[in-house]
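Numbering (the working numbering), first residue to last: -19 to 408.
Backbone N, C-alpha and C define an ideal beta-carbon position, used for all residues, glycine too.
Scroll down for the structure; my scribbles are underneath it.
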């Protein structure tokens, strides 16, 4: 019976461990924290949106042709079936899938239970610093602390850099790099954006429905639209937040990483098309003669936004709207359809939900085995795959964990299992 090492006890690592163990491998999970699954507990604000019925490769960044092959092998339905068979009821909220009690702990405990039932061993507080095959006998030696153990296959499921308080500090990328793999530069994704604009101090705390567009600002005042999103946007004292912002934060982060200028256009009246907006502007200006600017903008948006618009135009709330003239009033109103903020940076990994970048997919086979180092497999966030908000990143964890676990176990079966059980450390 072959031995499989899983480096990392997160979502993908636990799925890989259970899958390999069910196929007869003797599996050891090496987890540097004092318990497995810490990051799962904070997903979906503690509710754990673990997958999504509205599924397509278009919800992911990365090599989508390869991703389709992976998801065809372990789909949303397969993930749901895994958890239902283990005893977890599933709640479908408009396609967003949650454990029935909407507690992330339910997902974690199911995985822990299945690991126990499958005979998976867990080495806790085991910080793996090196993996080698110096003996040249087809075995991989895992070095953790002052100890080491040999395995027929190793699955790197170390996670990325997002949410470092849960143990994700990017050390898996160092392990992969030492093994000769290319790492696409990593940036925070599904995260807030920090902006240079001082007026955000006025609008801090405001939430509103908006349509936003991410632009690359080029020479000569040229702006190229890269991505559009719509939903609730939140203004903060340092920038912008909310799910639409999270969805385009990846592209914004890479623009900044590459030394390019990024800006976001915010349409505060997305419910109006251009014609409806022009008609509204005309009606409002007809009634401007006996109103202050504050009264002129009344009802358009949150009061803080209205006051910010007035201040940015160089006026005061008590100024008479009728004295500004049609041109300046139109310019003021057009700001509601096209409010520009200039991106300084994505917020840090401390605030990010996921890592963009990682081991490039052309470095692995369809079994998620290393093209360069046979016997080394990858799963989860360590790979250059990241998805949108909505359960897609956890689905990638289930899919990649299953494929890596199955493939590692099958490799052991082909080789006949060359290792013997080693003495362990603290076990869960």
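Practice prompt. Using the Cα positions of residue 218 and residue 318, report the straight-line distance between them to the nearest angstrom.
Written response: Here residue 218 corresponds to residue number 238 of the chain shown, with the count starting at 1. Here residue 318 corresponds to residue number 338 of the chain shown, with the count starting at 1. Computed Cα separation, rounded: 19 angstroms.
Worksheet entry | Cβ neighbour criterion (16 or more within 10 Å) applied to residue 312 | The residue labelled residue 312 in the question sits at position 332 within the chain shown. Label assigned to residue 312: buried.
Item to complete: With DSSP as the reference, please indicate the residues paired to residue 101 in a beta bridge.
Response: Here residue 101 refers to the residue found at position 121 of the chain shown. Partner(s): 8.
Discussion item. Along the chain, where does the beta strand (DSSP E) containing residue 385 start, and where does it finish?
Written reply: By 1-based counting over the chain shown, the position of residue 385 is 405. Residue 385 -> not in any beta strand (DSSP E); alpha helix (DSSP H) instead, spanning 372 to 395.
Discussion item. Give me the residue from 59, 45, 133 with the minimum Cα distance to residue 350.
Written reply: For the purposes of this step, residue 350 is identified with residue 370 of the chain shown, where counting begins at 1. For the residues 59, 45, 133, the minimum Cα distance to residue 350 belongs to 133.
Worksheet item: In the DSSP assignment, what are the bridge partners of residue 32?
Response: As a first step, residue 32 is located in the chain shown; it is residue number 52 there, counting from the start. Looking at the DSSP assignment, residue 32 forms a beta bridge with 76.
Item to complete: Starting from the C-beta of residue 203, find all residues in its chain whose C-beta is less than 6 angstroms away, skip the five residues before and the five after it, and write them out in chain order.
Response: If you number the chain shown from 1, residue 203 lands on position 223. Cβ within range, chain order: 195, 197.
Practice prompt. Consult DSSP for residue 136 and reduce its assignment to one of helix, strand or coil.
Written response: Along the chain shown, read from residue 1 onward, the residue named residue 136 stands at position 156. Reduced to three states, the DSSP call for residue 136 is strand.
Discussion item. Closer than 8 angstroms is the cut-off here; do at least three beta carbon pairs connect the region 48 to 55 with the region 29 to 38?
Written reply: yes
Discussion item. Relative to the C-alpha of residue 271, which candidate in 300, 256, 125, -2 has its C-alpha closest?
Written reply: One-based indexing of the chain shown puts residue 271 at position 291. Nearest option by C-alpha distance: 300.
Worksheet item: What residues are listed by DSSP as bridge partners for residue 335?
Response: As a working mapping, residue 335 is identified with position 355 in the chain shown. For residue 335, which the question treats as bridged, DSSP gives the partners 168.
Practice prompt. Determine contact between the region 169 to 177 and the region 320 to 329, defined as no fewer than three beta-carbon pairs at a distance below 8 angstroms.
Written response: yes
Discussion item. Quick check on the burial criterion: 16 or more other C-beta atoms within 10 angstroms. Buried or exposed for residue 78?
Written reply: Within the chain shown, the letter at position 98 stands for residue 78. Burial call: buried.
Worksheet item: Where does residue 175 sit, in a helix, a strand or coil, going by DSSP?
Response: Residue mapping note: residue 175 aligns to position 195 of the chain shown, counting from 1. Three-state result, residue 175: strand.
Worksheet item: Are the CB atoms of residue 166 and residue 147 nearer to each other than 9 angstroms?
Response: On the chain shown, position 186 is the one that residue 166 refers to. On the chain shown, position 167 is the one that residue 147 refers to. No, they are not a contact pair.
Fill in: Where residue 50 sits in the DSSP three-state scheme
As a first step, residue 50 is located in the chain shown; it is residue number 70 there, counting from the start. Of the three classes helix, strand and coil, the one that applies to residue 50 here is helix, per DSSP.
Practice prompt. Go through its chain and collect everything with a Cβ distance to residue 210's Cβ below 8 angstroms, but skip five positions before and after it.
Written response: Position 230 of the chain shown, counted from the start, is the residue given in the question as residue 210. Answer for residue 210: 189, 190, 191, 192, 224, 250, listed in chain order.
Discussion item. So for residue 345, helix, strand or coil by DSSP?
Written reply: Within the chain shown, residue 345 is the residue found at index 365, counting from 1. The answer is coil: DSSP assigns residue 345 none of H, G, I, E or B.
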